[in-house]
Structure formats: C-alpha cells, structure tokens
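**Q** Quick mapping for you: the protein sequence lines, in order, are chains A and B. Each residue of the first sequence is one higher than the one before, starting from 8 at the first, in the numbering used here. Each residue of the second sequence is one higher than the one before, starting from 141 at the first, in the numbering used here. Heads up, the beta-carbon is just placed ideally off N, CA and C, and yes, glycines get one too. The structure follows.
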Amino acid sequence: MTTIPDLLRKELSDHCAHYASRRVGLIWVLQKLQAHFGGYLPDEAITLAAEIVGIPEPDVEGVATFYNWLFREPVGRRIIVVCDSISCHLCGCDSIVARIQKRLGIGMGETTPDGEFTLLPVVCLGNCDKAPTMMIGDELYDCLTPDKVDEILDSIYASAKAGGR
Amino acid sequence: MSQKVTITIDGRAYEVEAGENILQICLDRGLLIPHFCYHEALGPVGACRLCAASIAPSADKPGRLDMTCMTRAADGMVININDDYARAFRKKVIEDLMLNHPHDCPVCDEGGECMLQNMTVLSEHQHRSTRFPKRTWENQYLGPFIHHEMNRCITCYRCTRFYGDYALGRDLGAFGSRNRVYFGRVRDGVLESEFSGNLVDVCPTGVFTDKRFREVYARPWDLSTARSVCVHCSVGCTVLPGFRHGTLRRIKPAENSAVNRFFICDRGRFGGEYVNHPSRLRSGRLEGQVIDPEEVADAVIGRLKAIVAEHGPQSVAALGSSRASLEANAALGILLAALGSQTIAFFASDAERAAARRAAAITVSGQVRVASLPDMEKADCVFVAGGDLTAEAAMMDLSIRQAIRAGAPVFILSPRAGSLDQYARMSLRVRPGTEAAMLSQIADSSAPVGTEAQAFVTAARQALADSKHPLVLASAMRGDTALVEAAFEFTRRTTTEGRVCSLAYWFSGPNAAGVALANGDSPPSAVWDGIRDNRIKALIVLERDLSRDFSSENEFAAALKNIRFLAVIDSIETATTTAANAVIPCVSHYQSSGTFMNFEGRCQRFAGLHIPGPVTRTNSELLIRMIEALGEGDRIAGAEYSTAYDISADSSLELDALEPDHVGVRVRLGSHLQPPSVAPANPPTASSPLQFALWRTHFLFGSEELSMLAPPIAELSPKPWVEMHPEDARHRRLTEGATADLTKELGVSGPLRLNDRLARHVVAVPVLAVPCAERSREREEVMA
C-alpha cells in the first residue's frame with residue numbers, strides 16, 4: 008500500500024471538510040493526487056481518495072474514469088490534445104494530427120518513448136474562431152498549420168534541453 | 141388523499157389516480173409501452189428515452205413527444221402510444237440501444253425472458269444500419285452467484301440503481317463515460333451485497349445472470365414452476381422455483397405486494413439448491429435396511445403400536461419443526477393423538493419456545509400494529525434489538541434500507557455489528573440479554589440511564605419524539621422473552637396521539653410463528669426429560685436435525701442414548717437421520733404443498749410441484765398414511781386449523797379457502813394462549829462484567845441448515861472462529877490468530893479474531909450448520 012506524505016493527506020482531508028458533503032471535494036483530491044503520482048492516478052490513488060474522502064471506491068473510480076483530464080494510465084510529461092470537432096475538422100485538423108504523429112512517431116493515444124508527450128484528441132477547446140487548435144500542457148495554440156506544429160515542438164524541445172521543463 | 145382524474149389513452153378513457161406516472165398506469169392496464177430504465181420499485185429516471193408517447197394536456201391541444209415514465213397523470217390528458225411519430229421514435233431509440241449489443245441470443249442465458257429482446261420486437265426494430273465494430277469488454281469475477289457478461293450491456297443503469305441506490309451496496313459502480321460505460325467492481329471479487337442476486341432480475345438483458353443456473357441451464361419455458369414460499373427464514377418471501385428433469389434449476393422471486401414485492405435475498409435465491417444435494421434422502425431405511433419409503437412408514441406404525449402396547453401411550457413423543465408446514469405439524473400431532481400420546485414439542489429449548497409463543501401471540505393479537513415489509517419501508521424511525529437483522533431476516537433489512545433512504549434514523553441494540561450497522565444512525569453494543577432493559581429505557585424518558593449508554597439513549601429518545609411512525613424490530617429466535625415483552629411494551633407506550641408505533645418480531649424458521657401458536661404442545665424439556673428418565677421410549681421427528689439443538693455431538697449422542705425407537709421424516713440426511721432406526725424420506729420443501737405462517741402472522745399457501753423421482757410423497761401425505769394405517773383416518777377429515785393452532789374460527793375458515801397465488805392472509809389469535817398484557821421488563825441486572833458472555837452469531841450464509849447444502853452458500857460461509865473485542869484480548873494476552881481456549885468458561889475454542897464492533901466482555905462464535913456428510917468426512921480425516 009502506497010502512502011502519501013501526512014501533510015498532503017491532511018491538506019486533502021481538510022479540503023473535503025469545507026463542503027457540506029465531503030464527496031464534493033473528490034475531483035480536487037483526484038487532481039492533487041494525480042499531480043503527486045506523476046500525472047496519472049494509479050490504482051492505489053483510487054483507494055487513497057476513497058479513504059480520504061470517505062466514500063466507496065467504485066464512486067471514486069466512476070469519477071476518475073469519467074473525466075478526460077483524469078488519467079488512469081501513465082502519460083507523458085506534456086499532454087497534447089488536438090481538437091477534432093467541427094470547426095477544427097473543417098479547417099484541417101487531420102493534417103495537424105498527421106504532422107504531430109509523424110514528428111513524434113506515435114499514434115493517437117500513445118506516449119513518446121522519452122516520456123515527453125502523450126497525444127490525445129479532444130472535442131472542442133472553445134477556440135473555434137481560431138481553428139485548428141490544440142493544447143500542449145497548459146498552453147493553447149491556434150490557427151495551426153503543419154509547419155507551425157514543427158516550430159512549436161522544436162521550441163518545446165529546445166527549452167526542455169535548456170532545463171526549462 | 142389521492143384524487144381521481146380521467147385521461148384518454150389510445151382513444152379510450154381511463155379513470156386513474158392524479159399524479160401517478162403514465163407508464164405505470166399503462167402497464168397496470170395491459171397497455172405495453174416499451175421501456176427499460178423504469179422499474180416499479182426503482183422509480184422513473186427518464187434515462188433510456190424508450191417509453192416515449194404522444195402526450196397532450198387536453199384534447200384540443202396538439203400532442204408532443206414525451207417520456208411516459210416522467211409524466212404524471214392530470215385531468216383531461218390525451219396519450220397516444222401508437223402515434224406514428226412516437227413509434228418511429230421508439231424504433232430509433234432501440235436501434236441506438238442495440239448498437240453494441242451482441243447477436244448471441246441463441247446462446248444467451250437471458251433468452252426467453254429477455255426484456256431487451258421483448259422490447260426490441262415490440263418496438264419493431266429489425267435492421268442495424270451502422271457498420272462500426274461493436275465495443276467489447278472483459279468480464280469480471282463477481283463471486284459464486286453472479287456471472288458477468290458486459291458486452292450485452294445497454295447502459296440502462298438499472299443495476300447500480302438497484303445495487304447502490306436501493307440496496308445501499310457499496311461495491312458496484314458505473315465507470316467511464318458515453319459509449320464506454322462499464323458496470324462492475326473496481327477489481328474482481330465477490331459482490332458484497334446480501335441482495336446481489338436481484339441483479340439477475342433487474343438487468344433487462346443478460347449482463348448479470350444466475351451463475352448456478354448457467355451450470356444446469358434450461359430455457360425458462362421448459363421449467364416447471366409453481367409459486368412457493370421461501371424456506372430459509374421467517375420472512376416468508378414468495379418465490380418461484382423452477383424444476384426440469386427432476387432437479388431444481390433456479391429460484392426467482394415471485395411478486396407479492398404484501399411481502400417481498402419484487403426481490404429476495406441471496407440465501408433465498410441460491411439456497412434452494414439443497415434440493416439437488418447428494419445428501420437428499422432418496423430411499424427409506426429401517427434398521428439399516430434400505431426399503432421403499434411407504435413400507436418404512438407402515439413398519440414404523442407397527443413398531444410404535446408395539447411400544448404403546450408394551451409401555452403405554454405416553455411412551456411415544458414427537459418433535460415437530462419450524463420448517464414443516466402448519467398441516468404437516470398438525471398431522472404429526474394427530475398421529476401422536478391417534479397413538480394416545482400428547483407429548484409434542486417444536487422448539488430447540490424451553491426458552492426459545494416461551495419467547496416465540498409470546499411473540500407470536502402478540503403478533504396475531506391485534507393489540508398492536510404489526511408491520512409487514514411494505515409497512516417497514518414507511519417507518520420514520522427504526523429500532524432493531526437482539527440480533528443481526530441482515531443475517532436473520534434479510535428482507536426485513538432491505539425494507540429498513542428503504543426507510544433509511546427516506547431519511548429514517550435507525551438505532552441498533554445488539555452485541556455484535558452486522559451489515560445494517562453501517563447505515564444506522566447509532567448502534568449500541570450490549571451484553572446479550574440486556575437489550576430489553578435498554579429498549580425500556582428509550583421508551584420511558586423518566587428512566588435513569590447509565591453513562592455508557594447516555595449518548596445512544598438520548599439520541600434514540602429524541603428521534604422517537606420526532607417520529608410519527610416509529611418501528612420496533614425484535615428477535616424472538618433467541619429465547620429472550622424479556623426482549624419480546626419489552627418490544628411490546630415499547631410499542632404500546634410510544635403509540636400516542638399523533639404517533640403510531642408498529643412492531644415486528646423475527647423468528648427462527650419459516651413456520652416458527654405458526655408452530656409457536658400450536659395448541660397443546662409441550663416444552664422441549666418435557667420430551668428430553670422423559671427420554672432421560674426412560675418414560676419416553678419412542679420419538680417421531682419431523683424435518684428437523686436435533687443435533688443442532690445441542691452444543692456438542694457428545695451431548696446429542698447422550699440425549700439419544702435411551703431412545704428405543706427413533707423415527708425421522710425428512711428430505712435430507714442429517715445427524716438425526718443417521719442416528720435413526722427408521723428414516724421415512726419425503727420430498728423437498730419446493731415439491732411439498734402446505735401453509736407457512738410468517739413473522740407477521742401471514743399465512744401463505746404453497747402448492748408443490750410433482751417432480752418424478754425416487755421419492756414422491758410429501759411429509760403430510762406420509763403422516764396421513766400413517767394415521768390411516770392406525771385406522772384413525774377420521775381424525776384427519778375432522779381436523780380444523782383452529783383446533784391445531786390458537787387462531788380464531790374466522791381465520792381458520794380463511795385458511796381453508798386460501799389459494800397458492802394469494803398474497804396470504806393474516807390470522808387472528810384464538811383464545812387458548814394468554815392474551816398479551818404488559819409485563820414490566822426486568823431491571824438492568826448488574827451482572828459481573830468480568831464474566832464473558834457467549835454470543836452465537838448468525839450468518840446469512842452458513843447458519844441455516846438447508847441453504848448450507850447449496851455449494852455457493854457453503855463457499856461463502858464463515859470458518860469457525862472465536863471473536864473478542866481487541867481490549868478484552870489484550871487483557872487476556874491473546875493476539876489475532878492465536879487459539880482462544882474458552883472451553884472451561886463457555887465451551888468454545890478456536891482461532892481468535894479481533895472485532896472492535898463487538899460488545900466488551902462478549903465472546904462471539906459463528907453458528908455453522910455444517911452438513912452432516914461433511915462432518916462425518918471431517919471425522920474420518922481426523923481419525924486417519
């Protein structure tokens with residue numbers, strides 16, 4: 008059984024106490040645990056969250072598998088999500104995805120061998136007027152072209168190499 | 141009060157209750173609207189979108205498509221089920237539901253009773269227009285009861301709505317989103333709920349199926365079925381056993397609006413497999429010789445006559461059973477009377493008899509309101525005293541869970557926490573035998589309260605004061621007459637203006653309340669003392685394993701030592717049949733006909749199925765044959781229910797006319813037993829807390845002898861152990877897993893388990909109904 012630092016456990020538990028029902032704090036607890044466990048929720052994180060929030064495990068698993076920003080499998084340090092909804096589809100998101108896949112050598116839903124990127128599709132980033140659009144980590148990129156994708160990835164790799172991870 | 145309104149459905153006017161949902165109105169009147177997520181017990185949620193129909197608020201307004209389950213009847217409403225648009229809509233909805241459903245109907249266990257199949261046909265969907273591959277899943281191991289087949293899921297959420305919302309189970313969930321929703325456990329494992337078997341019925345298709353039935357599968361239309369009453373506890377749920385080719389294949393709940401409504405517990409559903417157990421008696425035995433059952437019956441009469449001739453009629457006694465019908469037990473009494481004796485007893489001990497008789501008399505006296513299962517669901521404050529309700533009367537527990545869902549606080553007084561305790565407002569762990577005093581303290585707000593119980597009693601008194609329909613449930617199966625009285629007194633005292641308290645006792649067997657009302661029975665000690673003193677030479681036993689009444693095999697053997705002739709009528713091999721001189725085999729409960737009286741004094745008739753096999757006679761038929769062999773057949777013709785049992789003449793007439801498909805009738809007390817009166821409960825005794833008290837813990841799986849012959853029940857039964865509170869163990873320097881030898885103090889020993897939800901100074905051991913075949917095998921292993 009994996010344990011977490013007492014301080015984190017206390018922080019999570021105290022947070023739940025803010026609400027009339029502790030259950031309300033679950034998503035926040037899962038986000039915190041995801042950050043703690045390196046970007047995803049291993050099985051023990053589900054058990055821990057159930058224990059901290061005080062609800063049955065299936066309820067935690069239900070939430071953890073429902074939201075697309077909660078990951079139940081290991082992912083890369085940065086998540087690339089490319090919108091494939093209507094506007095982006097019309098503006099050529101397929102070519103964006105194709106360039107990313109070629110450049111990184113991974114398919115949709117896969118992680119690069121160096122553990123840097125995971126590529127996922129997303130349905131709308133609320134940026135339709137600047138389609139096609141994608142997000143890498145917390146950064147939003149718009150009006151994409153395949154060449155612009157190369158530039159973006161180059162700069163990310165460059166800053167990673169410079170230690171700005 | 142409800143108001144009647146007139147609505148029009150497909151051009152016909154119907155008078156209905158205002159506010160009732162349209163779907164239920166239609167289903168009740170035989171108007172089939174395809175539906176999935178709606179279930180009468182679970183209520184409407186409007187999730188599946190299948191029950192759409194055209195609904196107009198009045199005849200002059202245009203109808204629009206709406207979900208009938210979510211629409212409440214209002215005056216003048218016009219509903220068109222068969223409107224073209226509604227039909228096309230439903231057809232499209234079912235096509236979407238069927239997107240991922242495999243075409244495995246020919247090999248699916250649900251085939252023949254599949255709601256999805258029926259609704260698909262009803263909605264006229266035939267052709268699948270999508271070309272995508274169907275999504276597939278891995279299935280989980282969910283224990284010995286339920287088989288999981290997720291590919292068939294259509295995401296109606298009925299399973300989690302029953303399991304989690306209705307039955308308050310905590311280990312089945314819905315995972316994922318949109319077209320990848322998965323219903324199951326977080327990881328493989330046995331489903332924890334005592335009501336998991338109902339998933340089989342609640343699931344509209346074949347995702348959750350009966351694992352045992354799969355092993356011996358038959359199409360539902362090939363099963364021989366007849367409504368019966370469950371034999372595994374005193375609740376008396378109506379069930380539908382299904383036989384084929386001489387074996388029992390499965391048990392389903394049968395709808396009974398006055399008792400179990402739609403559901404049954406897992407002991408009732410999976411325990412019936414005892415019928416197929418190898419230790420079922422298949423032939424008669426006389427002094428070790430295997431002979432025809434009826435020949436044994438005739439020989440027994442010969443032997444009994446000889447004993448009566450030699451030692452007088454009082455040398456014969458009989459022991460009846462709480463798992464045999466009113467009729468069979470009465471016939472046993474008549475047989476005994478025909479031999480000239482009156483010594484017949486029904487219970488394991490004098491104390492159990494006294495408590496059960498008192499509880500049964502109070503129940504049918506009409507002096508207090510006795511709660512049925514549906515009544516229990518409406519209670520707004522519940523007190524449970526004297527045992528583990530889930531293990532001892534599981535379906536009562538399911539009804540209490542409905543009260544809990546509606547906000548009722550539950551207070552539990554018992555030595556050891558059971559499954560219901562996790563949902564209780566408060567539990568008080570008490571020494572066995574002190575429940576009565578605690579109950580009295582709650583009812584009497586002027587009574588002084590000890591410091592340990594202060595918080596509990598204060599909270600219970602407050603909840604009681606705030607309630608309008610409180611309910612008291614008390615055990616009548618442990619011989620605690622003081623508790624029976626205290627619960628009765630509680631009910632009377634707390635029924636005041638504006639508050640009606642109701643009461644229910646639970647008993648030790650399916651017909652224990654019935655035999656508790658027997659006229660002219662004797663305390664069991666009269667039989668055992670007579671045997672010990674050599675006054676009683678012959679004993680006739682009906683469907684009962686006497687070894688369960690003794691704490692050890694040696695005691696049992698010693699008690700039987702003086703018996704010259706022991707004759708047993710039973711359907712299974714037990715320690716008693718093994719020791720008997722004559723064994724007369726009868727058919728199993730589900731093949732017998734008769735009447736059981738449940739905990740609320742409700743009598744339900746069951747008409748058994750005639751299943752071909754080596755044994756074809758019911759216990760009553762064999763007894764009647766024996767009575768006739770004595771030339772006393774007239775006694776049978778003149779028998780009345782009100783002669784054999786202390787029930788009124790009116791009730792007796794009602795019982796005469798009772799049909800097996802009836803919800804059952806509640807009987808009223810006759811006049812022979814003492815009418816109930818309030819007797820003060822004993823004041824709390826200052827028993828020495830240093831002395832350990834023994835608590836025999838009942839389990840849903842493991843403590844009832846018939847269901848223990850069903851392999852999945854035996855698989856889930858506990859192993860023998862001795863339980864102590866961690867503090868007590870610490871004082872005794874005992875650790876978990878060590879051998880706790882309390883033979884001198886309490887006559888028990890075994891591996892120690894620590895349980896902080898056990899009362900202090902109490903030692904708990906499980907009540908285990910180990911089948912006799914297994915016991916003798918274990919003995920052989922020890923000898924070898």
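1. Against Gly313(B), what residues of chain A qualify as contacts under a CB-to-CB distance less than 7 Å, listed in chain order?
2. Taking a contact to mean a Cβ-Cβ separation below 8 Å, would you say Ile709(B) touches His417(B) in this structure?
3. Is DSSP giving Ser92(A) helix, strand or coil here?
4. May I have the straight-line CA-CA distance separating Ile234(B) from Ala468(B), to the nearest angstrom?
5. Would you give the residue range spanned by the beta strand (DSSP E) that Gly376(B) belongs to?
6. Suppose the cutoff is 8 Å on Cβ atoms and the five residues either side in sequence are ignored; what does the same chain contact list for Glu64(A) look like?
7. Following the continuous beta strand (DSSP E) through Glu18(A), name the residue where it begins and the one where it ends.
8. Given 8 Å as the limit, is there contact between the segment 860 to 870 of chain B and the segment 792 to 804 of chain B, that is, 3 or more CB pairs closer than that?
9. What's the call for Asn338(B), buried or exposed, on a 16-neighbour Cβ count within 10 Å?
10. Under 8 Å by Cβ, that's how I've got Phe551(B) and Ala583(B) pegged, so tell me the actual separation to the nearest angstrom.
11. Listed in chain order, which residues of the segment 67 to 95 of chain A have Cβ atoms closer than 7 Å to some Cβ of chain B?
12. Since Gly316(B) meets chain A, which of its residues come closer than 7 Å, beta carbon to beta carbon?
13. According to DSSP, simplified to helix, strand and coil, what is Met259(B)?
14. Would Leu762(B) and Ile724(B) be called neighbours here (beta carbons separated by less than 8 Å)?
15. Using only CA atoms, which one of Ile163(A), Lys168(A), Ala138(A) lies nearest to Ile93(A)?
16. Applying the 10 Å Cβ sphere with the 16-neighbour rule, what's the burial state of Cys150(A)?
17. How long is the line joining the alpha carbons of Ile59(A) and Glu51(A), rounded to whole angstroms?
18. Might you give, ordered along the chain, the residues of its own chain that have their beta carbon closer than 8 Å to the beta carbon of Ser198(B), omitting 5 neighbours on each side?
19. Buried or exposed: where does Ser677(B) fall if 16 or more other Cβ atoms within 10 Å of its Cβ makes it buried?
20. Could you give the first and the last residue of the continuous beta strand (DSSP E) run that contains Gln429(B)?
21. Any chance you could list the alpha helix (DSSP H) runs of at least 4 consecutive residues sitting entirely within the segment 430 to 457 of chain B, in chain order?
22. Could you pull out every unbroken beta strand (DSSP E) segment of at least 3 residues lying fully inside the segment 212 to 275 of chain B, listed in chain order?
23. Can you pull the chain B residues whose beta carbon is under 7 Å from the beta carbon of Ile53(A), in chain order?
24. What's the C-alpha gap between Leu894(B) and Arg873(B)?
25. With DSSP collapsed to three states, give me the class of His729(B).
26. Write down every uninterrupted run of the beta strand (DSSP E) in the segment 143 to 203 of chain B whose length is 3 residues or greater and which is fully enclosed by it, in chain order.
27. Using beta carbons (cut-off 8 Å, strictly below), is Arg632(B) in contact with chain A?
28. Closest to Leu363(B) by CA distance: which of Lys392(B), Tyr225(B), Ser336(B), Val347(B) is it?
29. Excluding five sequence neighbours on each side, which residues of the same chain lie with their C-beta closer than 6 Å to the C-beta of Ser662(B)?
30. Please identify the residue among Pro49(A), Asp66(A), Asp101(A) whose C-alpha is closest to the C-alpha of Arg30(A).
31. Hey, how far is the Cα of Asn134(A) from the Cα of Asp101(A)?
32. Per DSSP, what kind of secondary structure is Ala826(B) in: helix, strand or coil?
33. To the nearest angstrom, report how far apart Gly61(A) and Thr758(B) are at their CA atoms.
34. Check Trp861(B) in the structure and name its three-state DSSP category.
35. Can the beta-carbon of Arg407(B) be found less than 8 Å from the beta-carbon of Leu840(B)?
36. Pair every Cβ in the segment 38 to 49 of chain A with every Cβ in the segment 67 to 83 of chain A, then say whether three or more of these pairs are closer than 8 Å.
**A** According to the structure shown:
1. Your numbering for residue 313(B) matches position 173 in the second sequence. Result: Pro65, Asp66, Glu68, Gly69.
2. Walking along the second sequence from the start, residue 709(B) turns up at place 569. Walking along the second sequence from the start, residue 417(B) turns up at place 277. Going by C-beta atoms, Ile709(B) is not nearer than 8 Å to His417(B).
3. Taking the first sequence and counting its residues from 1, the one referred to as residue 92(A) is at position 85. The answer is coil: DSSP assigns Ser92(A) none of H, G, I, E or B.
4. Residue 234(B) sits at position 94 when you count from the first residue of the second sequence. Residue 468(B) sits at position 328 when you count from the first residue of the second sequence. The alpha-carbon atoms of Ile234(B) and Ala468(B) are separated by roughly 52 Å.
5. Here the question's residue 376(B) lines up with position 236 in the second sequence. Membership of Gly376(B) in any beta strand (DSSP E) is not indicated, and neither H nor E is assigned to it by DSSP.
6. Against the first sequence, residue 64(A) aligns to sequence position 57. Within the same chain, Glu64(A) has close Cβ partners Ile53, Thr54, Ala57.
7. Working through the first sequence from its first residue, we reach residue 18(A) at position 11. For Glu18(A), no beta strand (DSSP E) run applies; the uninterrupted alpha helix (DSSP H) run containing it begins and ends at 13 to 23, by DSSP.
8. The segment 860 to 870 of chain B, when compared against the segment 792 to 804 of chain B, does not touch it at the 8 Å Cβ threshold.
9. Position 198 of the second sequence, counted from the first residue, corresponds to residue 338(B). It is buried - the Cβ of Asn338(B) has at least 16 other Cβ atoms within 10 Å.
10. Locating residue 551(B) in the second sequence gives position 411, where the first residue counts as 1. Locating residue 583(B) in the second sequence gives position 443, where the first residue counts as 1. Contact flag wrong, Cβ pair sits at about 12 Å.
11. Residues of the segment 67 to 95 of chain A with a C-beta less than 7 Å from any C-beta of chain B: Glu68, Gly69, Thr72, Phe73, listed in chain order.
12. As a working mapping, residue 316(B) is identified with position 176 in the second sequence. Annotation: Cβ neighbours of Gly316(B) in chain A (cutoff 7 Å, chain order): Thr72, Phe73.
13. For the purposes of this step, residue 259(B) is identified with residue 119 of the second sequence, where counting begins at 1. Correct three-state label for Met259(B): helix.
14. Taking the second sequence and counting its residues from 1, one reaches residue 762(B) at position 622. Taking the second sequence and counting its residues from 1, one reaches residue 724(B) at position 584. Contact flag set, yes.
15. Here residue 93(A) is taken as the residue at index 86 of the first sequence, counted from 1. Nearest of Ile163(A), Lys168(A), Ala138(A) to Ile93(A), Cα basis: Ala138(A).
16. Looking up residue 150(A) in the first sequence gives position 143. Exposed, since its Cβ has fewer than 16 Cβ neighbours within 10 Å.
17. To locate residue 59(A), count along the first sequence from 1; it is residue 52. To locate residue 51(A), count along the first sequence from 1; it is residue 44. In this structure, the CA atom of Ile59(A) is about 12 Å from the CA atom of Glu51(A).
18. On the second sequence, position 58 is the one that residue 198(B) refers to. Only Gly216, Met217, Val218 meet the Cβ criterion.
19. For this step, residue 677(B) is matched to residue 537 along the second sequence. In the sequence as presented, Ser is not what sits at residue 677(B); that position holds Lys. Flag for Lys677(B) reads buried.
20. Start at 1 with the first residue of the second sequence, and residue 429(B) comes out as number 289. Start and end: 429 to 431.
21. The alpha helix (DSSP H) runs of length 4 or more contained entirely in the segment 430 to 457 of chain B are, from start to end of the chain, 433 to 451.
22. Listed in chain order, they are 218 to 220.
23. Here residue 53(A) corresponds to residue number 46 of the first sequence, with the count starting at 1. The contacting residues are Val326.
24. Stepping through the second sequence from its first residue, residue 894(B) is reached at position 754. Stepping through the second sequence from its first residue, residue 873(B) is reached at position 733. Just so you know, the alpha carbons of Leu894(B) and Arg873(B) end up roughly 12 Å apart.
25. Counted from its first residue, the second sequence places residue 729(B) at position 589. Per DSSP, reduced to three states, the secondary structure at His729(B) is helical.
26. Listed in chain order, the complete beta strand (DSSP E) runs (minimum 3 residues) inside the segment 143 to 203 of chain B are 144 to 149, 152 to 157, 192 to 196.
27. Start at 1 with the first residue of the second sequence, and residue 632(B) comes out as number 492. No, its Cβ sits nowhere closer than 8 Å to a Cβ of chain A.
28. Along the second sequence, one-based indexing puts residue 363(B) at 223. For Leu363(B), the nearest C-alpha among the options comes from Lys392(B).
29. Counting from one through the second sequence, the residue named residue 662(B) turns up at place 522. Answer for Ser662(B): Thr483, Ala485, listed in chain order.
30. Your numbering for residue 30(A) matches position 23 in the first sequence. Of the candidates Pro49(A), Asp66(A), Asp101(A), the one whose C-alpha sits nearest the C-alpha of Arg30(A) is Asp66(A).
31. In the first sequence, the residue the question calls residue 134(A) occupies position 127. In the first sequence, the residue the question calls residue 101(A) occupies position 94. When rounded, the separation of the alpha-carbon atoms in Asn134(A) and Asp101(A) is 17 Å.
32. Here residue 826(B) refers to the residue found at position 686 of the second sequence. Its pLDDT being 48, under 50, Ala826(B) is placed unreliably in this model, and the value from its coordinates should be taken loosely. Reduced to three states, the DSSP call for Ala826(B) is coil.
33. Counting from one through the first sequence, the residue named residue 61(A) turns up at place 54. Counting from one through the second sequence, the residue named residue 758(B) turns up at place 618. C-alpha of Gly61(A) to C-alpha of Thr758(B): approximately 53 Å in a straight line.
34. Locating residue 861(B) in the second sequence gives position 721, where the first residue counts as 1. Coil at Trp861(B), not helix or strand.
35. Looking up residue 407(B) in the second sequence gives position 267. Looking up residue 840(B) in the second sequence gives position 700. In this structure, Arg407(B) lies near Leu840(B), with their beta-carbon atoms less than 8 Å apart.
36. Between the segment 38 to 49 of chain A and the segment 67 to 83 of chain A there are three or more C-beta pairs closer than 8 Å, enough to call the two in contact.
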